[in-house]
Amino acid sequence: MSTLTKIALLIGVCLSLALASRTTAAEPIKALLITGQQNHNWRYTSMVHKDTLEATGLFTVDLTDSPSSKLSDAKGLAGYQVFVIDYNGDRWGEPAETNFLNAVKNGAGVVIIHATNNSFVGWTEWEKMIALLWINGTTGHGKFHPFDVNYVDREHPITKGLSDMKAHPDELYHTLVNTQNAKFHLLASAMSSKESGGTGKVEPMALVLEYGKGRVFHTPLGHVWTNSFDSKVSVVDPQFRVLLCRGTEWAGTGKVTLGAAWDDVRKHNTLTATEKAQGWKLLFDGTTTRGWRGYKSDKMPEGVWDTTHGSLWRKPGKEGGDIVTVDQYADFEFECEWNIATGGNSGIIYRCTEDHGASYETGAEMQVLDDVKYPDSSPKNRAGALYDLFALSQDVARPAGVWNHARVVCKGTRIEHWLNGYKVVDIDTTSEEYKKAFAASKWTQMPDMGTRMKGHIALQDHGSEVMYRNVKIRELTSGK
14 MSTLTKIALL IGVCLSLALA SRTTAAEPIK ALLITGQQNH NWRYTSMVHK DTLEATGLFT
74 VDLTDSPSSK LSDAKGLAGY QVFVIDYNGD RWGEPAETNF LNAVKNGAGV VIIHATNNSF
134 VGWTEWEKMI ALLWINGTTG HGKFHPFDVN YVDREHPITK GLSDMKAHPD ELYHTLVNTQ
194 NAKFHLLASA MSSKESGGTG KVEPMALVLE YGKGRVFHTP LGHVWTNSFD SKVSVVDPQF
254 RVLLCRGTEW AGTGKVTLGA AWDDVRKHNT LTATEKAQGW KLLFDGTTTR GWRGYKSDKM
314 PEGVWDTTHG SLWRKPGKEG GDIVTVDQYA DFEFECEWNI ATGGNSGIIY RCTEDHGASY
374 ETGAEMQVLD DVKYPDSSPK NRAGALYDLF ALSQDVARPA GVWNHARVVC KGTRIEHWLN
434 GYKVVDIDTT SEEYKKAFAA SKWTQMPDMG TRMKGHIALQ DHGSEVMYRN VKIRELTSGK
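First residue of the sequence shown? That's 14 in the numbering used here, and the numbers climb one at a time after it.
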């Protein structure tokens, strides 16, 4: 059984458990995710955390990377039940800090993730609120490695029913300091082994405490370093995701209704009323391949592409060829989610025509790739890149086996690639910058690549297992 097939089957089981284990709240818990300044890869982690929470169907998450401004509006904060903080930059200043403290004192919850506890040393009220801090010269960590996290209180609402975390890949903080002697309750710990560069002692990995009427959940887990592909797995480990979701629910409400398995319970391959009004059209209905065919063929490649798991699934096995939309598009906004198998390679090829032997000879490509395991993952070839021309401006691609959200915007000669909420490529194909990149690329051997102003959307068969879902398009006209 293939990797992505196992994932799809596991999703079905987890979905049943998640739905059976709680009653959906009448109104979602409204969360504000505070991010921005970080010496870690906050653009990656913040969007993963947002997706992790919203996938449960229990939260709506607003994200701010300008907390000084956002927190200055006291009335605007009143609607938030919980603040999820993934930040370790400058102090927020006034009135932001007082507004934040007052909101928590009056009952809003707080979630502290990883290096957030590096922040604001010297702000006494903050130190009381989070209990344990990173203090330079005292606190440290060993190498990034897999380790077990053991729940020491199995009756707390956050941890009740959870199994210990096994081989969780992360950075293990040691010797965090309780600068204000704050009273907290320990939920989980892990051995900081000397072999990994640690202390040889058990260190706290999850804790809770109160600040005024507010509840605080704090975990030093969730390390993702800038330009570190391997560390990206820490925050997409389902064990971490379920802990984060349950901790956030408890901080926001004082109870936990979520089950012991994390999963995405959202309905996929549908359009909202707003999307329909905006002119979006589904290119995949979740069950059939209607609207698709093989490249230079009037039918789908036989036995290669399937819809079994609610996705356009390129099954493992023999190569069958790219698939293309029946219709052609000129100016458009295209979106989908993709999930690539370990070591896999695929691509979203757009404005391709069928007057050459392969789709990529005319259509430009947004790369779909496992950046960690694929043999050639040079910057211009990584997931989200304009293949062999322009690298990503932000390192936000997610690992193999995890869903990525892609968006391509084409209007005239201007092309944009968006990956997981961030614009990562923005180029005009008539610019000198583009011409220079083209001249230095392999496309000089295929001079028609990227020259078409109208064509099909192709999903590339590069011999790898891959899934696509939520595939949709909106044709653009002047003013849109």
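Note that beta-carbon positions come from the ideal geometry of N, C-alpha and C, so glycine has one too.
Check	Outcome
Once the 5 residues before and after residue 68 are set aside, which same chain residues still bring their CB inside 8 Å of it?	275, 276, 277, 278 and 279
Which residues share a DSSP beta bridge with residue 221?	198 and 230
Give the DSSP-derived three-state secondary structure of residue 374 in the structure shown.	helix
Indicate the three-state DSSP secondary structure (helix, strand or coil) for residue 127 in the structure shown.	helix
Can you tell me the Cα-Cα spacing of residue 203 and residue 250, whole angstroms?	16 Å
Quick test of your reading: residue 486 and residue 347, contact by CB under 8 Å. State the CB separation rounded to the nearest angstrom.	5 Å
Starting from the Cα of residue 96, find the closest Cα among 176, 179, 169 and 258 and give me that residue.	258
In this structure, what does DSSP give as the bridge partners for residue 342?	468
Take the Cβ of residue 392 as the centre, count every other Cβ of all protein chains shown within 10 Å, and call the residue buried at 16 or more, exposed below.	exposed
Please report the residue range of the beta strand (DSSP E) in which residue 180 lies.	178–183
When you compare the CB positions of residue 7 and residue 243, do they come within less than 8 Å of one another, or not?	Because the chain spans 14 through 493 in this model, residue 7 falls outside it and cannot be assessed.
Just to confirm, is the Cβ distance from residue 200 to residue 166 under 8 Å?	yes
Could you check what DSSP says for residue 112 in three-state terms: helix, strand or coil?	helix
Take residue 320 as the anchor and find which of 305, 331, 334 and 311 has the nearest alpha-carbon.	305
What's the C-alpha gap between residue 286 and residue 107?	40 Å
At what residues does the alpha helix (DSSP H) containing residue 450 begin and finish?	445–452
For the segment 404–412 against the segment 356–374, do three or more pairs of beta-carbon atoms, one drawn from each stretch, fall closer than 8 Å, so that the two count as touching?	no
Measuring straight from C-alpha to C-alpha, what distance separates residue 53 and residue 313?	44 Å
Does at least one heavy atom of the ligand SAH sit under 7 Å from the Cβ of residue 342?	Absent from the structure shown: the ligand SAH. Ligands present: none.
How would you write the range of the alpha helix (DSSP H) that residue 62 sits in, first residue to last?	55–67
Cβ of residue 61 within 8 Å of Cβ of residue 248?	yes
What three-state label does DSSP hand residue 244 in the structure shown?	helix
If we count the other Cβ atoms within 10 Å of its Cβ and call it buried at 16 or more, is residue 91 buried or exposed?	exposed
Distance, Cα to Cα, residue 85 vs residue 363?	44 Å
Determine, using beta carbons only, whether residue 171 and residue 260 come nearer to each other than 8 Å.	yes
Thinking residue 226 and residue 237 are a contact (beta carbons under 8 Å), I'd like their distance in whole angstroms, please.	Their Cβ separation, rounded to whole angstroms, is 32 Å, which puts residue 226 and residue 237 out of contact at 8 Å.
Nearest-angstrom Cα distance between residue 192 and residue 101?	17 Å
Tell me the DSSP secondary structure of residue 159 in three-state form.	strand
According to DSSP, is residue 89 part of a helix, a strand, or is it coil?	helix
Give a yes or no on contact between the segment 325–343 and the segment 470–489, applying the rule of three or more CB pairs nearer than 8 Å.	yes
Compute the distance between the beta-carbons of residue 212 and residue 188, then report whether it is under 8 Å.	yes
Going residue by residue through the segment 387–448, where are the continuous beta strand (DSSP E) segments of at least 3 residues, counting only ones entirely within it?	417–424, 427–432 and 435–441
Taking all protein chains shown into account, decide if residue 37 is buried (16 or more other Cβ within 10 angstroms of its Cβ) or exposed.	Residue confidence is low: residue 37 scores 46 on pLDDT, short of 50, so the model does not pin down where it sits. No coordinate-derived value is stated.
Which residue from 81, 471 and 154 puts its Cα closest to that of residue 378?	471
What's the C-alpha gap between residue 422 and residue 103?	35 Å
So, at 8 Å on beta carbons, what are the nonlocal neighbours of residue 119 in its own chain, with the 5 sequence-adjacent residues on each side left out?	225, 226 and 227
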